[in-house]
Structure formats: C-alpha cells, structure tokens
Amino acid sequence: MPIYGQIQSFEVTNILIVSVRYFGGTKLGVGGLISAYKTSAQMTLDISNILKKTINIQYKLTFNYDLMNSVMRIIKEKNIEIVNQKLEMDCQYIISVRKNDSQAIFTIFDNLYKVAVKICE
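Taken in order, the sequence shown gives residues 1 to 121; the numbers are from UniProt numbering.
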C-alpha cells in the first residue's frame, strides 16, 4: 500500500508505478520495506511530468448560415473547441466538449431551432 498511498496523495489516475528491489544483503524488515517503496514512489512522482487530460466528447453540428452568429456566440461563451469545420451548402462543425459539460452543451445546441446535433462515433 505505500506505492498506492503515494498515487493517492499526488491525486493521479491512469498511472503505473513499478518498483524493483534487489536484495543487497541487508534485511530491511517490514517497516524498512514500506519506507523504501514509499520513498521510491514519491521520488518518481516528484520528478515526473504529470499531464492533465480531460475526457471529451465530440459533437457534429449542422446548421444554415443564418444561424452562424448564434452558434459561434455559444461556442465562444462556453469556451468550446472547434475540431473541424466545413462551410459548404450548410455549415458543419465538429466540436469537442468535456464529458462533464457534454449534456448541458448538447441541450443548448439541441434547443436551437434548425441546428442538428449528433454525437460523433
């Protein structure tokens, strides 16, 4: 549990820490082993570059040009990332939204008249 305790204290997920101990002739005992594993995990996490990633969902928005201002206003207000856009006969945007905010964003665009919203697979 000492390695797991360090993972919890650093509040990281999706991580693997491997600690290998070679016996050098000195018996550490239970307390010494716990301390050694804890220290090795802590030192590893201290020097690691921890990346923060979010789980995102992509939506495809299809709408007419006359709704461009309304759609863009929502995108800017909600700080939504545009992944791709096609401006042909209709406008098509693929947007990326944090999973936590996805239902609210879906509802906002779904309530706009003549805006089709689909989840990208």
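From the three backbone atoms N, C-alpha and C, an ideal C-beta is built for every residue, glycine too.
The structure presented is a predicted model; accordingly, all values stated were derived computationally and were not measured.
Taking the straight line between their C-alpha atoms, what separation do you get for residue i and residue j?
i, j, result
"Leu-51", "Ile-94", "25 Å"
"Gly-5", "Gly-24", "26 Å"
"Ile-47", "Leu-16", "15 Å"
"Tyr-65", "Ile-55", "30 Å"
"Ser-102", "Met-43", "37 Å"
"Val-71", "Val-117", "12 Å"
"Asn-49", "Met-89", "45 Å"
"Ser-40", "Asp-110", "51 Å"
"Glu-121", "Val-18", "35 Å"
Short check: CB of residue i to CB of residue j, under 8 Å?
i, j, result
"Val-20", "Leu-67", "no"
"Ile-74", "Ile-119", "no"
"Phe-10", "Leu-45", "yes"
"Ile-112", "Gln-92", "Note that residue 112 is Leu in the sequence shown here, rather than Ile. No; because the gap between Cβ atoms is not below 8 Å, this pair is not in contact."
"Ile-105", "Lys-86", "no"
"Ile-82", "Val-97", "no"
Going by C-alpha to C-alpha distance, which of the options sits closest to residue i?
i, options, result
"Pro-2", "Lys-53, Val-12, Ala-36 and Gln-85", "Ala-36"
"Asn-14", "Leu-28, Lys-27, Thr-39 and Lys-53", "Lys-53"
"Gln-58", "Val-12, Ile-7 and Asn-100", "Asn-100"
"Gln-8", "Lys-38, Lys-76, Asn-84 and Phe-63", "Lys-38"
Compare the C-beta of residue i with all C-beta atoms of chain D and state if any pair is closer than 8 Å.
i, result
"Val-117", "Among the protein chains of the structure shown there is no chain D, as only one such chain exists."
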